[in-house]
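In this text, residue positions in the sequence shown follow my numbering: the first is 343, and each later residue adds one.
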Amino acid sequence: MTKILMMSVRDDEKPAIDAWEKRHPDVQVKTTTSELKAATIEEVNGYDGLVIQQRYNIEPEVYPRLKEFGLKQISARTAGFDVLNLDLATKNNLIITNVPAYSPRSVAELAVAHAFRLTRNLELFDARAAKQDFRWAGLQAKEIHSLTIGIIGAGRIGGTTAKLFHALGSKIIANDPIENSDLKSILTYKSFDAVLKESDVLCLHVDLNDSSRNLIDAHALSLMKNTAFLINECRGPVVDTDALIMALENKKLAGAALDTLTGEENFFNFNLEGKELPSEQLKKLRSFDNVVLTPHVGFYTNIAVQNMVDISLDSALSILNGEKVATQVN
């Protein structure tokens, strides 16, 4: 019987895992809450396949150990795979897969929700209401169909985001190195600088790589309207957080919604109630009443979680059966 180990498993994933296992009676899936690292590597010994989802980079010494165990693959049940060293994986004959499209709607819908929360000034109304101030003076909203929505990265998720905003009547502009002809009826492709300058709401949907790290830096922020809103639904390091904080302090930006932050592995999905926050940047961002923070939950829907489990396990099993998969990234 084929045995697959799934690491960093949450309770909400277990029903999907159980359902997949029932559909594959010749496969045994063992789950653990441990992350893959040097200290836990022995847990993998004896398994044929490996599926992970984690916050921290995998140490270099892990890859040759997995090869020693006879592992052929590592399946990440996430779209991002920057915690993995693809060169070391390839050197140790490990095929890496991801889940490139677990549910574009899940992230796109959160971007729309964040846009409404910002453009309707809901954070500001909440701040007033918390002080029992129920006046609305000075907080007139803008209707979403009257705004230009800019999208950086119009791939699966960004393209879905464009469709949702288009259905609401917004004008859509986008920047992406690959122009999708299917999207040209609902959006206009423009240069990176033009999208920054013209957007009332700027949505980020890019992969994290060397070219996208600090993509939204002080210069990029200086090109945006001081009435514009920034929404980051991709990866924290795409935005220079210090530059963003400065722009917010200097009123060079109307607000931001952030579902991901640099260093989030130290605070997101932890209960820190009553504790000192481990990030000065996080403390500062929380002090702004025009900043919406969510703990990287764009993926966290019923359909997305099911797909992440199914696709990652399908990829692992296919590789173990000697088949090629479209989800391979190295």
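Here a beta-carbon is modelled for each residue, glycine too, at the ideal position from N, C-alpha and C.
In the structure shown, Phe534 falls within a helical segment according to DSSP collapsed to helix, strand and coil. When C-alpha distances from Phe467 are compared across Asn608, Ala457, Pro442 and Gly480, the shortest belongs to Gly480. CA-CA distance, Ala668 to Ala469, rounds to 47 Å. With fewer than 16 other Cβ atoms from the protein chains shown falling within 10 Å of its own Cβ, Ser488 counts as exposed. With a threshold of 16 other beta carbon atoms within 10 Å, Thr503 meets it and is buried. Residue ranges of uninterrupted beta strand (DSSP E) with 3 or more members, entirely inside the stretch 565-606 and ordered along the chain, are 571-574 and 597-600. For Pro367, the closest C-alpha among the options Lys666, Val671, Leu659 and Glu665 is that of Leu659. The Cβ-Cβ distance between Arg498 and Ala450 does not fall below 7 Å. Excluding sequence positions up to five before and after Leu635, its CB lies within less than 7 Å of the CB of Leu600, Leu627 and Arg628, all in the same chain and listed in chain order. By the C-beta criterion, the stretch 382-392 is judged to be in contact with the stretch 406-415, since at least 3 inter-stretch pairs fall below 8 Å.
According to the DSSP assignment, Lys356 belongs to the alpha helix (DSSP H) that extends over Lys356 to Arg365. By DSSP's assignment, Asn551 forms no beta bridge with any residue. Here Leu614 is exposed. Its C-beta has fewer than 16 other C-beta atoms within 10 Å.
Rounded to whole angstroms, the separation of the alpha carbons of Met588 and Asp354 is 38 Å. Distance from the CA atom of Ser654 to the CA atom of Gly495, rounded to whole angstroms, is 24 Å. Segment contact: the stretch 559-572 against the stretch 534-544, three or more CB-CB distances shorter than 8 Å; contact assigned.
Taking C-beta atoms as the reference points, Ala418 and Ile394 count as a pair closer than 7 Å. The beta carbons of Thr461 and Phe571 sit about 7 Å from each other, so the pair counts as a contact at 8 Å. In this model, Asn517 and Ile493 are separated by some 6 Å (Cα to Cα).
Pairing Asn632 with Gly578 gives a Cβ-Cβ distance that is not under 7 Å.
Secondary-structure assignment with DSSP links Gly391 through a beta bridge to Ile346. If you draw a straight line from the Cα of Ile491 to the Cα of Leu603, it is about 22 Å long. The shortest C-alpha to C-alpha distance from Leu595 to any of Asn663, Glu622, Ala562 and Gln623 is the one to Ala562.
Under a 10 Å Cβ-count criterion, Met348 is classified as buried, with 16 or more other Cβ atoms of the shown protein chains found around its own Cβ.
Asn517: member of the beta strand (DSSP E) spanning Lys513 to Asn517, first to last residue. Between Phe641 and Ser350, the CB-CB gap reaches or exceeds 7 Å.
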